[in-house]
Every structure is written in C-alpha cells, then in structure tokens.
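Going by the working numbering, the first residue of the sequence shown is number 7, and it counts up by one from there. Glycine residues also receive a C-beta, built at the ideal position from the N, C-alpha and C atoms. Only a predicted model underlies this, so the values are computations on that prediction, with no experimental measurement involved.
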Amino acid sequence: MERIDSKKPDELRKVNITRNYIPHAEGSALIEFGNTKVICTATVETNKVPMFLRGSGQGWITAEYSMLPRSTTIRSPRESMMGRVGGRTHEIQRLIGRSLRSVVNREALGELTIWIDADVIQADGGTRTAAITGSFIALFDAVKYLIEEGKIKEFPINDYVSAISVGIVDGEPCLDLCFEEDVDAQVDMNIVMTGLGEFIEVQGTAESHPFTRDELDKLLALAKKGINELIKIQKSIIGKDFDKLSKKFKFEK
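(1) Whose C-beta lies closer than 6 Å to the C-beta of tyrosine 151 among residues of the same chain, with five residues either side of it excluded?
(2) Report the rounded CA-to-CA distance for lysine 13 versus glutamate 113, giving the unit in angstroms.
(3) Could you tell me which of Thr78, Ser34, Glu38 sits nearest to cysteine 46, measuring between CA atoms?
(4) So, is threonine 26 buried or exposed, given that buried needs 16 or more other C-beta atoms within 10 angstroms?
(5) Determine, using beta carbons only, whether arginine 104 and glutamate 207 come nearer to each other than 8 Å.
(6) Three or more C-beta pairs closer than 8 Å, one from the segment 89–99 and one from the segment 151–164: is that the case here?
(7) Could you spell out the range, first to last residue, of the alpha helix (DSSP H) harbouring glycine 232?
(8) Considering only the alpha carbon of each residue, which of Asn164, Phe146, Phe39 lies closest to alanine 129?
(9) Does DSSP classify threonine 95 as helix, strand or coil?
(10) Of all the beta strand (DSSP E) runs that stay within the bounds of the segment 82–144, which reach a length of 3 or more residues?
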C-alpha cells in the first residue's frame, strides 16, 4: 500500500517535541507530528480546586483545547467569537484531562489545580493525540516546578501516557493517520495508553462499514507499537528527571 506521505502502514510521522517552548508557563512543549503542530502548556494554580474537591486534600488536572483559525485549510471562526465551545472541543478537552489524571496521584498534589492548554497552530490529523502526548511533557515540568519550589512533597506521576490514531485505509490497518487518510478511512480510532501498556481510552468508529474483531486486534497492536515509540521519545526528553523524581522524592523537614 502506498500511503499519501509515503510512510509504511506501521510507521509514525516524524515526531519532534520541544521542551520548555513557552518560558512563562510552569511547563510547556511544542509537539509536531508531521504537519500537525500543537503548543501545550501547564499552569499551576495553588490553593484552588473545583468546588467538589474543596476540603478533600486532592488536586485537579483539567484541560482547554483550541485551534487557531488558520490551523486548517479554511478559516475556522474562534469559538470565543461564537459565544460557545463546540461539542468536539468539549470532548477533546475532557479526553486530555482524563488521560493525564489517570497517571497522577491527586492526593500527592494537594489542593491545587494544573491547567493544561493545548493550542493547535497547524492541523493535519491527530491533533487530540498529539495534544495528549505533548501535554504529558508540560505536566511533568509543572510537577517538577512544584517539587523544586517546595509546594508538594511527593512525586505524584505514576507512569507515562501517550496517544496515537490508527485506522483502516483502503482496507489496510494504518498507524498515525494524516488528515487526508483520516477523511477517507473506513475505520478511525484514537488510543490512549500508559507506559505499562494499559489502556486509558479507546475511541473507535466505523466510518463506512463495520469492522471485525480481527481488524480491531490489529489496530490495537499497531497503536501499542506507535505509543511505545512515542514514550521512548518522551523518555529521551524527560527520562532522567522523571527517574530521579519517581523515587518517591521527599523534602527534608
């Protein structure tokens, strides 16, 4: 099968992550999946949690997601100008938040909130999965900041997390779909997994015809391969710091 961008069916697009991309944020990263580019930032708000968590001793991680008007081939109006956030945006924001919270001990955070902002500056498919993968780097650096500033006393992140898209294109399972492939895919899936290979979320849709259990298994295997490669990239960027802090770092009294 000849893919649009000449990749093999089980091949990722070129991935690049730039750490500390936004100097003002407690954590940030620019992540590039081929022509998809997303700026991810993490902002710490101490002594502030949603009302349902007040007095619980637990922290919160939540996300906002947006696309620049010309991140796509035609201009998309800013949602702020339309007076409401669209259903797709709500779905992606909640997905990013769930994905990150799943690998964090929120009691170790204490009562504070980490805001994740994922802003798509160029879209070519896989923006939500790129946002999750890049936001994990930003989240880690925000946690590192909290430890270095003495605001928390225990490293709260339990594992890495990453995400990737897979799908069936022209009858063949493929990894990491670009926009043109995503539009034409018979099946489209987004998979979120931990470094231990555990699933956080599986979003799968038959766009033109139902898919079989065998096809599902092939897509999940492809996703696992891709996510393992992405986590290796994450580890090449933050691995030394992560290993140091993950030894249940405690501050001396």
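Walking through what the data contain:
(1) Glu32
(2) Straight-line measurement puts the Cα of glutamate 113 at about 43 Å from the Cα of lysine 13.
(3) Ser34
(4) Going by the sequence as given, residue 26 is asparagine instead of threonine. Counting Cβ neighbours within 10 Å, asparagine 26 comes out exposed, since fewer than 16 surround it.
(5) yes
(6) no
(7) Start and end: 219–251.
(8) Phe39
(9) It is helical.
(10) 118–128
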